[in-house]
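Line order of the protein sequences matches chains A and C. Read in order, the letters of the first sequence correspond to residues 10 to 151 in the working numbering. Read in order, the letters of the second sequence correspond to residues 10 to 151 in the working numbering. Encoded as C-alpha cells, the structure appears first; notes follow it.
Protein chains: 2
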Amino acid sequence: MESQVVLARSLQIGVVASRSGLTVKTIRFYCDEGLIQPSSRSEGGYRLFDEAVVVELGLVRTLRAMELPLADVRQILEARRSGACTCRDLKARIRRKAGEISEKITAMQNLEAELFALLNSWETCGGRTPAPPTPVLVTAER
Amino acid sequence: MESQVVLARSLQIGVVASRSGLTVKTIRFYCDEGLIQPSSRSEGGYRLFDEAVVVELGLVRTLRAMELPLADVRQILEARRSGACTCRDLKARIRRKAGEISEKITAMQNLEAELFALLNSWETCGGRTPAPPTPVLVTAER
DNA sequence: CTTGACTCTCCACCTAGGGGAGACTGCATG
DNA sequence: CATGCAGTCTCCCCTAGGTGGAGAGTCAAG
Chain A
10 MESQVVLARS LQIGVVASRS GLTVKTIRFY CDEGLIQPSS RSEGGYRLFD EAVVVELGLV
70 RTLRAMELPL ADVRQILEAR RSGACTCRDL KARIRRKAGE ISEKITAMQN LEAELFALLN
130 SWETCGGRTP APPTPVLVTA ER
Chain C
10 MESQVVLARS LQIGVVASRS GLTVKTIRFY CDEGLIQPSS RSEGGYRLFD EAVVVELGLV
70 RTLRAMELPL ADVRQILEAR RSGACTCRDL KARIRRKAGE ISEKITAMQN LEAELFALLN
130 SWETCGGRTP APPTPVLVTA ER
C-alpha cells in the first residue's frame, strides 16, 4: 500500500485535460498565458500538475463561459491563490460582468424573437416563390 | 448643386457606414468577403453603393448579432437576392441557430446564478482583508 | 531494442474585424 | 489656377482565444 512514493501525485497534461474537460492545447495555452502553471516538469520536460489545477480549471471554465477575458480570469485566480482579498475590486468586476450578462440575455431574447419573425417572413415562400416583392425583412436599425 | 445628376444615387462608403451603423472598415471587410458589393466604382476608385445595401447591412447586423458566422450570412444574402428558395435548408439552419440561441440563453442564466453563488462565497471575506495598511493590491503588473 | 502513446516546441492559421501608413480623390475656396 | 482638407484607397500588421500540424523527444511495456 504505502510502498508507492507517489507523494503529491502529479498529473500529466493529458490527464488534466480529460479531467477538466479542456483540450491539451488549451491547457498549454493557459500555461503560456500564466493562468496556471505546472508544479514541475519531468526529467524529459513534461509538464506535471497537481490536482489543484483541475479545480482551478473548473473555475476558469466557468469564468470563460461568461466571457470574462483571460486577463481578468488570471487576476481572479491570483487573488484566489494568495487568499488576498482584493475582493472589493474583484467583486465589483464580477458584478459588473453579471450585469453585462443579464443585458446579454435580454438582448438574446430579443434576437430570438426577431429571429422567429424572420423565419415567419420567410415562411411565405412555403410552396415555391421565385421572386415576389420580397417582404423586406424587419431588420432592426438601432 | 444641380450639376450633379440625380443618377441612381450612389452612396459612398462613409454614408453607407453611418446609415448602417457599421464602420467603414467593416464594410470594406464585408466587400472583401463577398457579402455585399459596390454597384460600381468612381473614376478614382471609390466604392459606390446603392441604397439596397443599407437594407442588406441591416440584415447582416441582425444575423451577426446572433453570431451567425459570416459564411452563413453570405449564403442567406445570396439566397435573398436571387429569390431562390433555398428556404427549406436556410430555414432549417436558422431554426437550428435559434435553438442554439435559446440554449445559450439558459446556459447564461445558469451562469448568472453560478456567478452570484460565487459572489456570495466571496462575501465571506466581507470584513477583514489581509494586509490592511498598505493597499498591497496584488495584480499590480501586466 | 522497438513500438506506440504521449508530450514537447514552434509556427501557421482561424474569425471578425481594428489601427495606422502612405497615397490618391473629390470638392470647395481663395 | 492652386490649395486645402475630408474622404477614400490599398496594404500590412495586430488583437483574443484558441486550433492544427510538423518534427522531435519521452516514457513505459513487450
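Don't be surprised by glycine CBs; every beta carbon is placed ideally from N, CA and C. In this text the structure is predicted, and so the values were computed from the model without any measurement.
CA-CA distance, A:Arg-56 to A:Gln-21, rounds to 6 Å. With 16 or more other Cβ atoms inside 10 Å of its own Cβ, A:Ala-26 counts as buried. Interface with chain C (9 Å Cβ-Cβ cutoff): A:Leu-79 is excluded. DSSP lists C:Leu-20 as the beta-bridge partner residues of C:Phe-58.
Annotated three-state conformation of A:Ser-51 is coil, per DSSP. The segment 69-81 of chain A and the segment 75-93 of chain C do not touch, with fewer than three beta-carbon pairs separated by less than 8 Å. A residue is called buried when at least 16 other Cβ atoms come within 10 angstroms of its Cβ; A:Thr-32 does not meet this threshold and is exposed. Between C:Glu-87 and chain A, the shortest Cβ-Cβ separation is not below 9 Å. Taken atom to atom, the span from the alpha-carbon of A:Gln-46 to that of C:Tyr-39 is near 40 Å. The CB of C:Leu-120 comes closer than 8 Å to the CB of Thr-71, Ala-74, Met-75 and Ile-110 in chain A, given here in chain order. Chain-order list of chain A residues neighbouring C:Ile-114: Ile-114, Met-117, Gln-118 and Glu-121, by C-beta distance under 8 Å. Taking 9 Å as the threshold, the shortest C-beta distance from A:Leu-124 to chain C falls below it.
A:Ala-61 has a beta carbon lying at 9 Å or more from every beta carbon in chain C. No Cβ-Cβ contact shorter than 9 Å links A:Glu-109 with A:Arg-89. DSSP, reduced to helix, strand and coil, places C:Met-75 outside both helices and strands of the structure shown, so it counts as coil.
DSSP, reduced to helix, strand and coil, places C:Thr-115 within a helical segment of the structure shown. By a beta-carbon distance limit of 8 Å, A:Ile-114 does not contact C:Leu-124. Their separation comes to about 12 Å. Under the DSSP assignment, A:Thr-35 falls in the alpha helix (DSSP H) whose first and last residues are 33-41.
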